[in-house]
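Undergrad: Numbering (numbering that gives the first Met the number 0) for the sequence shown: 0 to 286.
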Amino acid sequence: MAKTSSSKKTKTRPSLADGADKYALYRLSVQDPEHEVSMFRRFYKDAFGREATSLREDFCAAFAVCCEWVKTSKERRAIGVDLDDEPLSYGRTHYLNKLSAEQQQRVTLLKQDVMTTTTTAEIIAAQNYSFYIFKRRAEVLRYFRQVHRSLADEGIFVFDMMGGGAMYADDVVEGRQVARPTAQDKLDNPPFRYVWHQESFDPVSADALFHIHFRFPDGSAIEKAFTYDWRLWTLPELLELLDEAGFSARHVYWETDDKDGNPSGNYRRALRGHADPAWLCYVVALK
Ligand SMILES: C[S@@+](CC[C@H](N)C(=O)[O-])C[C@H]1O[C@@H](n2cnc3c(N)ncnc32)[C@H](O)[C@@H]1O
Numbered sequence: 000m001a002k003t004s005s006s007k008k009t010k011t012r013p014s015l016a017d018g019a020d021k022y023a024l025y026r027l028s029v030q031d032p033e034h035e036v037s038m039f040r041r042f043y044k045d046a047f048g049r050e051a052t053s054l055r056e057d058f059c060a061a062f063a064v065c066c067e068w069v070k071t072s073k074e075r076r077a078i079g080v081d082l083d084d085e086p087l088s089y090g091r092t093h094y095l096n097k098l099s100a101e102q103q104q105r106v107t108l109l110k111q112d113v114m115t116t117t118t119t120a121e122i123i124a125a126q127n128y129s130f131y132i133f134k135r136r137a138e139v140l141r142y143f144r145q146v147h148r149s150l151a152d153e154g155i156f157v158f159d160m161m162g163g164g165a166m167y168a169d170d171v172v173e174g175r176q177v178a179r180p181t182a183q184d185k186l187d188n189p190p191f192r193y194v195w196h197q198e199s200f201d202p203v204s205a206d207a208l209f210h211i212h213f214r215f216p217d218g219s220a221i222e223k224a225f226t227y228d229w230r231l232w233t234l235p236e237l238l239e240l241l242d243e244a245g246f247s248a249r250h251v252y253w254e255t256d257d258k259d260g261n262p263s264g265n266y267r268r269a270l271r272g273h274a275d276p277a278w279l280c281y282v283v284a285l286k
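1) Have a look at R49 and D83 and give me their C-alpha separation to the nearest angstrom.
2) Looking only at DSSP bridge pairs, what is I123 linked to?
3) Could you give the first and the last residue of the continuous alpha helix (DSSP H) run that contains L87?
4) How many whole angstroms separate the CB atoms of F156 and A277, which I take to be in contact at a CB cut-off of 8 Å?
5) Given this structure, state the Cα-to-Cα distance separating E106 from G79, to the nearest angstrom.
6) Here's the rule: buried if 16 or more other CB atoms are within 10 angstroms of the residue's CB, otherwise exposed. What is E33?
7) Just to be sure I understand the criterion: a residue counts if its Cβ is closer than 6 Å to at least one heavy atom of ligand 1. Which residues meet that?
8) Report all residues from its chain with a CB closer than 6 Å to the CB of L292; omit the five preceding and five following residues, and keep chain order.
9) Here's the rule I'm using: 16 or more other beta-carbon atoms within 10 Å means buried, otherwise exposed. How should L95 be labelled?
10) Between which residues of its own chain and K21 is the CB-CB distance below 8 Å, once the five residues before and five after are set aside?
11) Quick check on DSSP: helix, strand or coil for K185?
12) Measure the C-alpha to C-alpha separation of T117 and G218 and round it to an integer number of angstroms.
13) Sort out for me which residues DSSP pairs P262 with in a bridge.
14) C59: which of A51, R40, E153 and D112 sits nearest, CA to CA?
15) Find the nearest neighbour of R249 within the set K258, D259 and L237, judged by alpha-carbon distance.
16) How is the beta strand (DSSP E) around W232 delimited, first residue to last?
17) Grab me the residues of Y131's own chain with a C-beta within less than 8 Å of its C-beta, minus the 5 sequence neighbours each way, in chain order.
18) With a 10 Å radius around its C-beta and 16 neighbouring C-beta atoms as the bar for buried, classify E101 as buried or exposed.
19) Let's see if you can read the secondary structure: which residues bound the alpha helix (DSSP H) around R144?
20) Look at N158 and A205 and say whether their C-beta atoms are less than 7 Å apart.
21) In three-state terms, what does DSSP make of E198?
22) When you compare only the Cα positions, how much space is there between V282 and V36?
23) Is D45 helix, strand or coil when you go by DSSP?
24) From A23 to S14, what distance separates their C-alpha atoms?
25) Can you tell me whether G162 is buried or exposed, with buried defined as 16 or more other CB within 10 angstroms of its CB?
26) So, helix, strand or coil for E74, using DSSP?
27) What is the residue span of the alpha helix (DSSP H) that Q102 lies within?
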């Protein structure tokens, strides 16, 4: 049957959100694998005065950090661990395939639970607050013990943390426009706004619910592209759990300020932090 003119009129063009790739937008917004790898190398050198070769990326999702790690030396191998096939297969198609055949051979992917994986490495990293999904102290302790067992004798466990008074709140929305750095990227992704939305915080349980939304200039959006149901652990709680899990030492690397008093993106070992409303730090624990 021939199409009517009214059906032609109602036919709409796909929105920018329809064609967008949420993993690519995530990487552009919140991930900097080169920076992570350079931090891990520095933390390891600070601890043992030499370079590490093996990295295990727990909660690796699309394992961008593993791919970056093996690019930095022919000696390096990486192991990515995640439970979910979707991000793992995204990473295989979009990141792993871009490595040389030789580099690809130095990346191992394990579809496993981080609570039970036993693969050893000199560095085990859990980035982007991933273990905050463990809401009970006993679960975090079990995970930390598992990491401790898996580390090489000269090994470090690295994770990043966020905190500050601004996080003890409901309905906080922060957004920023994300620049598209390369011509190639412009082809793949429309301009977009990254929105970090804290829906709730419960002072009794310290549970907090977060979403990432991506919004586009044509008014379309990927709402709740990613959702995180976390417990907001505090730094002293986690430092005590590291001690209990058997780590011999741990250091906090606090973000320094630039000359205008804004966060610099650089981190320095610190014994005290600042009561900023929103702060970031790395924790490095030695086996
Ligand atoms: C916040 S994302 C991680 C993102 C990534 N690490 C980064 O830095 O951007 C959390 C990931 O942890 C995975 N995950 C959750 N529980 C897990 C578990 N028990 N074992 C392994 N992976 C798990 C999820 O499938 C998801 O891909």
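Backbone N, C-alpha and C fix where the C-beta goes; we use that ideal spot for every residue, glycine too.
TA: In terms of the structure at hand:
1) Counting from one through the sequence shown, the residue named residue 49 turns up at place 50. Counting from one through the sequence shown, the residue named residue 83 turns up at place 84. As the crow flies, the alpha-carbon of R49 is around 34 Å from that of D83.
2) Position 124 of the sequence shown holds residue 123. The partner list for I123 (beta bridge, DSSP) reads R55 and F156.
3) Numbered from its first residue, the sequence shown carries residue 87 at position 88. Judged by DSSP secondary structure, L87 falls within the alpha helix (DSSP H) whose first and last residues are D84 to H93.
4) For the purposes of this step, residue 156 is taken as residue 157 along the sequence shown, with counting starting at 1. For the purposes of this step, residue 277 is taken as residue 278 along the sequence shown, with counting starting at 1. About 24 Å separates the Cβ atoms of F156 and A277, ruling out a contact at the 8 Å cut-off.
5) By one-based count along the sequence shown, residue 106 stands at place 107. By one-based count along the sequence shown, residue 79 stands at place 80. According to the sequence as given, residue 106 is Val; it is not Glu. V106 and G79: Cα-Cα distance of roughly 8 Å.
6) For this step, residue 33 is matched to residue 34 along the sequence shown. In summary, E33 is exposed, with fewer than 16 beta-carbon neighbours lying within 10 Å of its beta-carbon over all protein chains present.
7) Here the residues come out as Q30, F58, C59, A60, V80, D81, L82, D83, P86, D112, V113, M114, Q126, N127, S129 and I132.
8) This structure gives no information on residue 292, because the portion of the chain shown stretches from 0 to 286.
9) What you label residue 95 is simply residue 96 of the sequence shown in a count that begins at 1. Answer is buried; the Cβ neighbour count reaches 16.
10) Reading the sequence shown from its first residue, position 22 is the one you call residue 21. Here the set comprises F213, I221, A224 and F225.
11) In the sequence shown, residue 185 corresponds to position 186, counting from 1. Bear in mind that a pLDDT of 49 at K185, under 50, signals an unreliable position, so the model cannot answer this.
12) Sequence index remark: in the sequence shown, residue 117 carries index 118 (1-based). Sequence index remark: in the sequence shown, residue 218 carries index 219 (1-based). Spanning the alpha carbons of T117 and G218 requires a straight line of approximately 46 Å.
13) The sequence position of residue 262 within the sequence shown is 263, counting from 1. DSSP lists D256 as the beta-bridge partner residues of P262.
14) On the sequence shown, residue 59 is found 60 positions in, with the first residue counted as 1. Closest by alpha carbon: D112.
15) For this step, residue 249 is matched to residue 250 along the sequence shown. Proximity to R249 across K258, D259 and L237 peaks at L237, based on C-alpha coordinates.
16) As a position in the sequence shown, residue 232 is number 233, starting the count at 1. Neither: W232 is in no beta strand (DSSP E) and is coded neither H nor E.
17) Here residue 131 refers to the residue found at position 132 of the sequence shown. Sequence-distant partners of Y131 (beyond 5 residues in either direction) whose C-beta falls short of 8 Å from its own C-beta, in its chain, are Y227, W229, R230, L231 and W232.
18) Taking the first residue of the sequence shown as position 1, residue 101 is located at position 102. An exposed status is given to E101, since fewer than 16 other beta-carbon atoms sit within 10 Å of its beta-carbon.
19) Residue mapping note: residue 144 aligns to position 145 of the sequence shown, counting from 1. R144 -> alpha helix (DSSP H) spans R136 to S149.
20) In the sequence shown, the residue the question calls residue 158 occupies position 159. In the sequence shown, the residue the question calls residue 205 occupies position 206. The sequence as given places Phe at residue 158; Asn does not occur at that position. Not a contact, by the Cβ cut-off of 7 Å.
21) By 1-based counting over the sequence shown, the position of residue 198 is 199. In the structure shown, E198 falls within a strand segment according to DSSP collapsed to helix, strand and coil.
22) Within the sequence shown, numbered from 1, the residue matching residue 282 stands at position 283. Within the sequence shown, numbered from 1, the residue matching residue 36 stands at position 37. V282 and V36 have their C-alpha atoms some 15 Å from each other.
23) Position 46 of the sequence shown, counted from the start, is the residue given in the question as residue 45. Three-state result, D45: helix.
24) The residue labelled residue 23 in the question sits at position 24 within the sequence shown. The residue labelled residue 14 in the question sits at position 15 within the sequence shown. Going by the C-alpha atoms only, they are around 17 Å apart.
25) The count along the sequence shown starts at 1 and reaches residue 162 at position 163. Label assigned to G162: buried.
26) Within the sequence shown, the letter at position 75 stands for residue 74. Three-state DSSP puts E74 in coil, outside helix and strand.
27) Locating residue 102 in the sequence shown gives position 103, where the first residue counts as 1. Start and end: A100 to Q104.
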